[in-house]
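Protein sequence lines, in the order shown, are assigned to chains A and B.
Count the first sequence with our numbering and you get residues 7 to 126, in order.
Count the second sequence with our numbering and you get residues 114 to 283, in order.
This report concerns only the one structure given below.
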Amino acid sequence: MSIMEIIGSVLILIGSIFLFLGGLGIYRMPDIYNRLQAGTKATTLGAMSLILGVGFLEPSWMLKSLIIIIFIAFSNPISSHALARANYKRKHFPLILSEDKKNMDAYREVIEQEDKEDKS
Amino acid sequence: MQTLSFSEKVQRFILNWFFMMLVWIMFTSTFATQEVVVGAIVTMFISMMSISMFTCCTLKILSPVRIFWMVYYLLVFIVALIKANLDVARRVLTPSLPINPGVVKFKTQLTTNYSKMVLANSITLTPGTLTVDVIDDTFYIHWIDVTTTDPEKAFTEIAESFEKILLKIF
């Protein structure tokens with residue numbers, strides 16, 4: 007095995023571990039926002055590491071995998087932002103807050119303002 | 114959409130063309146004449162059509178000082194991304210699930226849309242935070258472990274290190 011193959015395999019292993027942790031996070035977290043947190047971060051680094059590993063194993067694909075990594079770095083957080091915002095506006099799944107901190111929802115005022123404008 | 118002077122339009126067009134050509138050459142991974150010529154023609158038409166929509170800045174973004182800060186930003190960002198993943202791993206693997214979620218808001222000094230987008234994306238990928246919405250200059254952040262609800266303290270903890278660098282780039 008050459009040094010490139012070893013680096014590539016290690017990167018793919020790390021990527022798979024983080025993707026697994028992301029899946030476990032989506033299973034264990036209580037509400038949609040915490041699930042998005044676990045899902046977005048773990049899948050971004052997981053996919054990046056995995057694709058970079060493929061680039062190391064197959065050196066002629068290296069530039070293509072770099073482009074894909076840049077696209078993932080831009081599109082992943084945007085999609086999670088869109089999901090979180092859409093869910094908050096639809097009030098489909100409530101935001102779970104810890105018992106003693108009910109006032110920690112700074113976004114509610116925006117939604118209430120919009121609701122008032124819709125009614126008037 | 115803002116109104117642009119002619120020289121700004123030309124600079125944006127050249128910058129856009131350059132980056133599209135870079136992506137094209139990286140994807141094809143070759144310098145064969147036919148590939149490069151077809152790529153140059155197609156990217157020229159696309160960047161001409163999208164001057165006022167998909168371009169962010171004039172050619173001054175390619176000055177060495179700004180490129181230095183961009184590389185520095187990239188390093189800071191990668192360190193934060195790895196930290197965020199270790200943080201997620203720690204929270205997920207701890208049996209008691211140590212979370213204390215809430216939504217906080219803070220204001221930013223950034224003005225252009227592109228810098229705000231980069232800041233919002235970076236915040237989503239750094240430890241324990243997720244951008245829910247950006248309205249004008251106010252960011253609404255879902256924070257997995259809230260330590261403060263005060264906007265200024267939240268800003269110092271979440272975004273200050275990124276914003277300092279972004280102000281130097283844009």
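We put the beta carbon where it would ideally sit given N, CA and C, even for glycine.
Remember, predicted model here, so these are calculated numbers, not experimental data.
By DSSP, does Ile248 (chain B) sit in helix, in strand, or in coil? Strand at Ile248 (chain B).
Considering only the alpha carbon of each residue, which of B:Lys281, B:Thr260, B:Ser160 lies closest to Gln124 (chain B)? B:Ser160
Where does Val151 (chain B) land, buried or exposed, given buried means 16+ other C-beta within 10 angstroms? Counting the other CB atoms within 10 Å of its CB gives Val151 (chain B) a total below 16, which places it among the exposed residues.
Distance CB(Phe283 (chain B))-CB(Phe252 (chain B)) smaller than 7 Å: no
In this structure, what does DSSP give as the bridge partners for Lys218 (chain B)? B:Tyr253
Is the shortest distance between the beta-carbon of Arg41 (chain A) and the beta-carbons of chain B less than 7 Å? Not an interface residue.
Of the listed residues B:Asp249, B:Leu175, B:Asn198, B:Trp256, nearest to Ile212 (chain B) (C-alpha basis): B:Trp256
Mind checking the stretch 212 to 226 of chain B against chain A and listing, in chain order, the residues whose C-beta falls within less than 8 Å of any C-beta there? Ile212, Asn213, Pro214, Gly215, Val216, Val217, Lys218
Assuming Thr237 (chain B) and Ala193 (chain B) form a contact by the criterion Cβ under 8 Å, report the distance between their Cβ atoms to the nearest whole angstrom. At roughly 11 Å, the Cβ-Cβ gap does not stay under 8 Å, so Thr237 (chain B) and Ala193 (chain B) are not in contact.
Hey, out of A:Glu123, A:Glu118, A:Glu11, A:Gln119, whose CA is closest to Leu64 (chain A)'s CA? At residue 64 (chain A) the sequence reads Glu, which differs from the Leu that was named. Closest option to Glu64 (chain A), Cα to Cα, is A:Glu11.
Going by beta-carbon coordinates alone, are Phe24 (chain A) and Ala48 (chain A) separated by less than 7 Å? Less than 7 Å separates the beta-carbon of Phe24 (chain A) from that of Ala48 (chain A).
Counting beta carbon pairs with one atom in the stretch 156 to 176 of chain B and one in the stretch 83 to 96 of chain A, are three or more of them shorter than 8 Å? no
Counting Cβ pairs, one atom from each stretch, are 3 or more of them under 8 Å apart for the stretch 53 to 72 of chain A and the stretch 14 to 23 of chain A? yes
Three or more beta-carbon pairs under 8 Å between the stretch 118 to 137 of chain B and the stretch 172 to 192 of chain B, yes or no? Taking 8 Å as the limit for Cβ pairs, the verdict is that the stretch 172 to 192 of chain B does touch the stretch 118 to 137 of chain B.
How about His87 (chain A): is its C-beta nearer than 7 Å to some C-beta of chain B? Cβ-Cβ to chain B under 7 Å: yes for His87 (chain A).
On the three-state DSSP scale, how would you describe Thr143 (chain B)? coil
Counting only Cβ pairs nearer than 7 Å, list the residues of chain B close to Lys6 (chain A). Absent from the structure is residue 6 (chain A), since the part of chain A shown begins at 7 and ends at 126.
Helix, strand or coil: how does DSSP classify Thr237 (chain B) here? Here Thr237 (chain B) sits in helix by DSSP.
Compare the C-alpha of Glu115 (chain A) against each of B:Val217, B:Gln222, B:Arg179, B:Asn226 and name the closest. Nearest option by C-alpha distance: B:Val217.
Would you report the Cα separation of Asp249 (chain B) and Thr146 (chain B), rounded to the nearest angstrom? 46 Å
On the premise that Val247 (chain B) lies in contact with Ala267 (chain B), defined as a C-beta separation below 8 Å, what is that separation, rounded to the nearest angstrom? About 15 Å; that fails the 8 Å criterion.
7 Å is my cut-off, CB to CB: does Asp246 (chain B) come that close to chain A? yes
Classify Asp258 (chain B) as helix, strand or coil using the three-state DSSP reduction. strand
Span separating the alpha-carbon of Leu64 (chain B) from that of Trp182 (chain B): Look at the range of chain B in this structure, 114 to 283, and you will see that residue 64 (chain B) is not part of it.
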